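Everything on this sheet refers to the single structure shown next.
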Amino acid sequence: MNARRWDTGLGLAFAVLGASLALAGRGLPDGLAHVPGPGFFPTMIGLGLALLGLALAASARRPVSSALTDYWPHGWRDRRLRQVAAILALLAAYLALWDAVPFVWRTPLLLAGIYRTVGEPWLRSSVLAVSITALLVGVFDALLRVRL
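Using this note's numbering, the first residue of the sequence shown is number 52, and each one after it goes up by one.
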């Protein structure tokens, strides 16, 4: 199966999965006043997944650029598989440390590790990881009144 068909099929599958999740989330209570209920996050995640799936399916119709092979002229597939394996290992470590290490320490380490895995420099990886974590903590604390 060629890459375009694969991307189209996966994109449509994720769009259907996202739409199903969004519909299931709509069946849960909405919440009270300005506090989101149990249906808020499944609905939002489902809508996001559906939109990203449709974007993937649509992008598969465009011609494939040679940027990937220009960046990694030899063995780009092997490097990509190693990156996926490294990110999965980072996610497994993140979950294993869930109760032992607080969110504000665990999350930037995960994000910095992912950024480094895909080739970002250390400084940019660190700044992005800390900034994203601070933004998440701020949003959850200020808007949702949830301490992470």
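Backbone N, C-alpha and C fix where the C-beta goes; we use that ideal spot for every residue, glycine too. Keep in mind the model is a prediction, meaning the values are calculated, not measured.
(message) Tell me which residues share the same chain as LEU199 and place their Cβ nearer than 6 Å to its Cβ, disregarding the 5 neighbours each side in the sequence.
(response) The beta carbon of LEU199 sits closer than 6 Å to the beta carbons of PHE154, VAL188, PHE191 from its chain, once the five residues preceding and following it are set aside; these are given in chain order.
(message) Between PHE92, ALA66, ASP81, which has its C-alpha nearest GLY104's C-alpha?
(response) Looking at the Cα atoms, ALA66 is the closest of the given residues.
(request) Note down, in chain order, each residue of its chain lying with its Cβ closer than 7 Å to the Cβ of LEU161, except the 5 sequence neighbours on either side. (result) Counting only residues of its own chain and dropping the five nearest sequence neighbours on each side, LEU161 has a CB closer than 7 Å to the CB of LEU141, TYR145.
(request) Output yes or no for whether 8 Å exceeds the beta carbon distance between GLY88 and GLY82. (result) The answer is yes: Cβ separation under 8 Å.
(request) Return the first residue and the last residue of the alpha helix (DSSP H) that TRP173 is part of. (result) First-last of the alpha helix (DSSP H) with TRP173: 173-193.
(message) Please list the terminal residues of the continuous alpha helix (DSSP H) segment that includes LEU100.
(response) Element bounds for LEU100: 91-110.
(message) If you reduce the DSSP assignment to three classes, tell me which class PRO87 lands in.
(response) Residue state, collapsed to three classes: strand.
(message) Measuring alpha carbon to alpha carbon, tell me which residue in GLY62, ALA151, ARG131, VAL135 is nearest LEU100.
(response) Nearest C-alpha to LEU100 among GLY62, ALA151, ARG131, VAL135: GLY62.
(request) Kindly list the residues whose CB is nearer than 7 Å to the CB of TRP123, restricted to its own chain and excluding five residues on each side of it in sequence; keep chain order. (result) Low local confidence applies: a pLDDT of 49 at TRP123 is under 50, so the model's placement there is unreliable, with the coordinate-based value given in what follows. Same-chain partners within the cutoff: ARG130.
(request) Taking all protein chains shown into account, decide if PRO159 is buried (16 or more other Cβ within 10 angstroms of its Cβ) or exposed. (result) The Cβ neighbour count for PRO159, taken over all protein chains shown within 10 Å, is at least 16; the residue is labelled buried.
(message) So for GLY62, helix, strand or coil by DSSP?
(response) Helix, per DSSP.
(request) Determine the DSSP secondary structure at TRP123, reduced to helix, strand or coil. (result) Here TRP123 scores only 49 on pLDDT, less than 50, and its place in the model should not be relied on; the value that follows carries that caveat. In this structure, TRP123 counts as coil in the three-state DSSP scheme.
(request) Kindly identify the DSSP beta-bridge partner or partners of GLY82. (result) Among the bridge pairs identified by DSSP, GLY82 is matched with PRO87.
(message) I need the boundaries of the alpha helix (DSSP H) containing ARG198, first residue and last residue.
(response) It is not in any alpha helix (DSSP H) - ARG198 carries neither H nor E in the DSSP assignment.
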